[in-house]
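Residue numbers (numbering that gives the first Met the number 0), protein chains in the order written: chain A, 0 to 216; chain B, 0 to 216.
Ideal Cβ positions, reconstructed from N, Cα and C, are used throughout, including at glycine.
Data block below; observations after.
Protein chains: 2
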Amino acid sequence: MIDNGAADSQTRRRRRRSDGERSREAILHESARLATVEGIEGLSLARLADAVGMSKSGLFAHFRSKEELQLATIDTASSIFTDVVISPARAASPGVRRLTAYAERFLAHVRDSVFPGGCFFASVATELDTHPGPVRDRAMAIVNGWVALLEAEVVAAQEAGEIDPSLDTAQLAFELDSYLFLANTQFVVSGDRLALERAQRAVESRLAAAGAEASRD
Amino acid sequence: MIDNGAADSQTRRRRRRSDGERSREAILHESARLATVEGIEGLSLARLADAVGMSKSGLFAHFRSKEELQLATIDTASSIFTDVVISPARAASPGVRRLTAYAERFLAHVRDSVFPGGCFFASVATELDTHPGPVRDRAMAIVNGWVALLEAEVVAAQEAGEIDPSLDTAQLAFELDSYLFLANTQFVVSGDRLALERAQRAVESRLAAAGAEASRD
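Okay, structure coming up:
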């Protein structure tokens, strides 16, 4: 009985821990979605508790401060972005095909409203641009990681002889990223897919132009 | 004496009105600057009164509601944008030169922190993208006016034979605008002028490529 009781209690503890993990994950998913609409600074524990059907004190058991919640929200948004944009695109072969896939997956995640306010990181970066601090730093590290990913793929395209090897790789990554960034904002405001189509066309024609320069060499 | 008294009183009334106009203008300039840092929804009459050295009730004499203040702030920001970006660029001849001038003036107003949070309309559009209402509508009308201005100039460049006449004018305007939009955000976050230089280079090389296509025809 004592042994059984101890085992039961261990099972209960395990279940509790795993319920806790599940609800932490559910809170952070909701928080990442809310942050793209209300702003990450506008996140309120009260509203979030309401959205996930918990008491405010239940939420406080998971996050000791608003900043802890904000940082954890950014990490969750980053995992979601990796799952729906980066990982699927990495199935494409390196270089121009993967760059095109990054654009396609990025625009698809905006179109599909993975986050209701469009790209989480575009939303948070434009919100926090004038608000320095650890939350902005964490978000900007992820934005910079995305830009570095694009630039690495431009380098891969050069190494594969797909695009002009003399092109400034950071410049080309900037141009490709800019199409995605504007399309995201325009789509969130208007709901018009034309913005997404324009960005896809811009990425493809920019890469084609860079390729034409390579083949002229 | 009566006549003099009446004249004095009229002068006083005029002076009062003109003081009122001046302080209204001063309030709206400060409000436009603050909105790019705190957000246009984050504008508080208390903070604004503090920033312009007025009492909150003095401020209420000018604006009956927060929405009235927000709409008037957008109109003031639009006047400032016209004065520092659009009007000077219109001195350039139509077509490619004026498009380049629009880009230069836009990037200069970001570099010079005319608004501390960069382009007022980029700031407000990204803030309000998920918040429909009259304030967003007024801001978006000005954003759309800017895009229409760029597209009209692309058409002028085509008519002047400077760029490929078969190009999709809205597509090219989208691409040019995207460079400016991303550069604005990157500069506000980092303070690094490289972003502004990249955008200028992107605009010029995109127009040169469109011009090369024209000369191949």
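Within chain A, partners of MET139/B - CB distance below 7 Å: VAL188
MET139/A - DSSP class collapsed to helix/strand/coil: helix
Beta-carbon gap between THR72/A and SER43/A smaller than 8 Å: no
Where ASP2/B falls, given that 16 or more other Cβ within 10 Å makes a residue buried: The predicted position of ASP2/B is uncertain, since its pLDDT is 47 and thus under 50; a value taken from the coordinates is nonetheless stated next. ASP2/B should be labelled exposed.
DSSP-derived helix/strand/coil call for SER92/A: SER92/A falls in the coil class under three-state DSSP.
Straight-line gap, ALA48/A to SER78/A (C-alpha atoms, nearest Å): 22 Å
Minimum C-alpha distance to PHE80/B - residue among GLN185/B, ALA102/B, VAL188/B and VAL202/B: ALA102/B
Cross-chain neighbours of PHE119/A in chain B, by beta carbon under 9 Å: Neighbours of PHE119/A on chain B: none; closest Cβ ~12 Å, over 9 Å.
ARG197/B, buried or exposed, once every other Cβ within 10 Å from all chains shown has been counted against 16: Buried, because 16 or more other Cβ atoms sit within 10 Å of the Cβ of ARG197/B.
Same chain only: Cβ atoms within 6 Å of GLU152/B, ignoring 5 sequence neighbours per side: ARG97 and LEU98.
Beta-carbon contacts of GLU24/B that lie in its chain and below 8 Å, excluding the five residues immediately before and after: THR75
Cutoff 8 Å: GLY144/A Cβ touching any chain B Cβ: no
Proximity winner among MET139/A, SER86/A, ALA208/A and GLY117/A, relative to LEU179/A (alpha-carbon distances): GLY117/A
Rounded straight-line distance, which links the Cα of ILE162/A to that of THR168/A: Roughly 10 Å between the two C-alpha positions.
Backbone CA spacing between GLY4/A and PHE62/A [nearest angstrom]: Caution is warranted here: a pLDDT of 48 is assigned to GLY4/A, below 50, making its placement in the model unreliable, and the coordinate value is therefore given only provisionally. Their Cα atoms are separated by approximately 31 Å.
Contact set between ASP170/A and chain B, taken where Cβ atoms lie within less than 8 Å: Reading off the sequence shown, one finds Gln at residue 170/A, where the question assumed Asp. Within chain B, the residues whose beta carbon sits less than 8 Å from that of GLN170/A are ARG197, ARG200 and ALA201, listed in sequence order.
DSSP three-state assignment for ASP176/B, whether helix, strand or coil: helix
The alpha helix (DSSP H) enclosing ASP49/B, as first and last residue numbers: 44-51
C-beta contact flag for THR129/B and VAL146/A at 8 Å: Not closer than 8 Å, so no.
Secondary structure of HIS108/A, DSSP reduced to three states: helix
ALA209/A vs LEU166/A beta-carbon contact at 8 Å: yes
Exposed unless 16 or more other CB atoms sit within 10 angstroms - verdict on GLU66/A: exposed
Inter-residue spacing [alpha-carbon to alpha-carbon] between VAL187/A and LEU33/A: 14 Å
Sequence-distant residues of its chain with Cβ nearer than 7 Å to ALA201/B (five each side left out): TYR178
Partners in chain B for PRO115/A, counting only beta-carbon separations shorter than 9 Å: THR129
Same chain only: Cβ atoms within 6 Å of PRO93/A, ignoring 5 sequence neighbours per side: ALA155
Interface partners of THR184/B on chain A, CB under 9 Å: ALA121, ALA124, THR125, ASP128 and PHE180
Cβ pair ALA182/A, LEU106/A closer than 8 Å: The answer is yes: Cβ separation under 8 Å.
Selection of the stretch 35-66 of chain B by Cβ proximity to chain A, strictly under 8 Å: Answer in chain order: THR35, VAL36 and GLY38.
Chain B residues whose Cβ lies nearer than 8 Å to that of ASP176/A: LEU181
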